[in-house]
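Take a look at the structure set out below.
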Amino acid sequence: MLQGLVYAVISAACFGSMAILIKFGYMAGMEGAVMMQMRFTVAVILLLFYLLAKSPRTLRISMRDLGKCAFLGLVVYWMQTTCFVSALETIPASTAALVLYGHPMAVTLLASLFLRMRINRVVILSLILVMAGCCLVFYDAFLRDVDGTGLTYALGAMATFSIYLILVQVLLRGIRPLTATFYVMAFAAVSFTLSGDIQAWWNMDMEQAGISLALGLFPGLVAVTFLYTSIERIGSAYACIFSSVEPIITLLAAAVFLSEPVVQLQIWGAALIILGIIAPNLRLRKPATTN
Numbered sequence: 024m025l026q027g028l029v030y031a032v033i034s035a036a037c038f039g040s041m042a043i044l045i046k047f048g049y050m051a052g053m054e055g056a057v058m059m060q061m062r063f064t065v066a067v068i069l070l071l072f073y074l075l076a077k078s079p080r081t082l083r084i085s086m087r088d089l090g091k092c093a094f095l096g097l098v099v100y101w102m103q104t105t106c107f108v109s110a111l112e113t114i115p116a117s118t119a120a121l122v123l124y125g126h127p128m129a130v131t132l133l134a135s136l137f138l139r140m141r142i143n144r145v146v147i148l149s150l151i152l153v154m155a156g157c158c159l160v161f162y163d164a165f166l167r168d169v170d171g172t173g174l175t176y177a178l179g180a181m182a183t184f185s186i187y188l189i190l191v192q193v194l195l196r197g198i199r200p201l202t203a204t205f206y207v208m209a210f211a212a213v214s215f216t217l218s219g220d221i222q223a224w225w226n227m228d229m230e231q232a233g234i235s236l237a238l239g240l241f242p243g244l245v246a247v248t249f250l251y252t253s254i255e256r257i258g259s260a261y262a263c264i265f266s267s268v269e270p271i272i273t274l275l276a277a278a279v280f281l282s283e284p285v286v287q288l289q290i291w292g293a294a295l296i297i298l299g300i301i302a303p304n305l306r307l308r309k310p311a312t313t314n
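First residue of the sequence shown: 24, per my numbering; consecutive thereafter.
So, in structure tokens, the structure goes:
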């Protein structure tokens with residue numbers, strides 16, 4: 024049990040590192056599209072070696088399922104990531120990450136409308152907590168005169184990511200998770216290479232190369248690998264609970280590595296958002312099993 028929980032926290036920490044690494048990339052003179060080009064391409068290469076070593080059969084996929092992955096990677100994932108990276112260009116990493124983490128509320132509402140999800144009292148409590156947390160985050164953002172365009176991009180990232188999660192549930196049903204992850208990321212790599220700069224591969228300096236490797240390794244390969252390892256060991260419910268530390272890790276990392284100010288309102292907002300994410304899972308007493 025303990026080992027699986029540690030894996031979930033490591034996965035969340037790696038996903039939470041993306042905002043910080045993007046900030047470092049901007050300071051190193053990299054463009055947003057180029058950073059995502061590097062992130063997805065490096066991650067796909069590393070994941071390819073991992074899958075070939077573990078089980079080459081995982082790479083098998085039908086043309087129909089490949090088309091679904093192409094749509095998610097080329098269109099939806101590209102839109103969501105572009106909005107998030109554009110937000111980080113003008114607003115603090117902690118604010119962007121916390122705005123993005125308003126997606127549980129949006130996903131729940133979309134699921135109730137299109138997937139006939141039943142909203143009970145626990146879900147309503149979760150939504151209230153998340154909404155209150157987002158209000159505190161936005162209130163602090165306006166107090167700090169955060170760029171309005173950056174906030175708009177952050178909201179766009181949250182909305183697009185919410186739609187992406189619904190589409191994943193609908194379109195990728197029946198596809199092995201690692202197979203879908205590989206092909207969606209592969210098509211995302213293609214889309215960002217087309218919108219980025221192919222010449223960036225041989226024009227990078229050592230600092231930019233290190234940031235590119237870190238983007239592909241941590242919020243790419245390591246985050247996904249540890250997430251699925253955690254789910255395999257303790258079930259998706261418990262993995263989800265402990266993965267919800269991601270925005271808190273981003274907030275703390277932004278304060279430590281980027282010297283971004285963290286005020287009390289932001290801390291309370293983060294706490295409420297985390298409570299809203301955890302609340303629906305507290306009813307689960309036993310780890311779920313996965314196939």
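By construction, the Cβ of each residue, glycine as well, lies at the ideal position given by its N, Cα and C atoms. Predicted model, so just to flag it, every value in this text is computed and none were measured.
Positions of the alpha helix (DSSP H) runs, each at least 4 residues long and wholly inside the region 109 to 171, are given as 116 to 123, 126 to 137 and 144 to 166 in order along the chain. If you draw a 10 Å sphere on the C-beta of V122, you find 16 or more other C-beta atoms in it, and that means buried. Here the alpha carbon of G239 sits roughly 13 Å from the alpha carbon of Y73. Shown here for I68: same chain residues with a beta carbon closer than 8 Å to its own, the five before and five after excluded, namely G239 in chain order. S282 sits in coil when the DSSP states are folded into three classes, being neither helix nor strand. Contact annotation: W101 and A211 have beta-carbon atoms nearer than 8 Å.
In this model, V99 and E283 are separated by some 30 Å (Cα to Cα).
Spatial neighbours of F47 in its own chain (CB-CB distance under 6 Å, excluding positions within 5 residues in sequence) are listed in chain order as I234. Taking all protein chains shown into account, L138 has fewer than 16 neighbouring C-beta atoms within 10 Å of its C-beta and is therefore exposed.
Judged by DSSP secondary structure, T202 falls within the alpha helix (DSSP H) whose first and last residues are P200 to S218. Excluding sequence positions up to five before and after A56, its CB lies within less than 8 Å of the CB of T105, V108, F215, S218, G219 and D220, all in the same chain and listed in chain order. Secondary structure of Q289 (DSSP, three-state): helix. Segment contact: the region 290 to 302 against the region 111 to 128, three or more CB-CB distances shorter than 8 Å; contact assigned. Per DSSP, the continuous alpha helix (DSSP H) segment holding A56 begins and ends at G55 to K77.
With a cutoff of 8 Å on beta-carbon distance, V169 and T118 are scored as near each other. DSSP places S235 inside the alpha helix (DSSP H), whose first and last residues are M229 to G239. Rounded to whole angstroms, the separation of the alpha carbons of V130 and M86 is 28 Å. Going by C-alpha positions, L190 is about 35 Å away from M227.
Y206 and T64 have their C-alpha atoms some 11 Å from each other.
The beta carbon of F249 is closer than 6 Å to those of Y30, I33 and S34 in its chain, skipping five residues each way along the sequence. The beta carbon of P115 is closer than 6 Å to those of E283 in its chain, skipping five residues each way along the sequence. Rounded to the nearest whole angstrom, the CA to CA distance from I186 to M128 is 12 Å.
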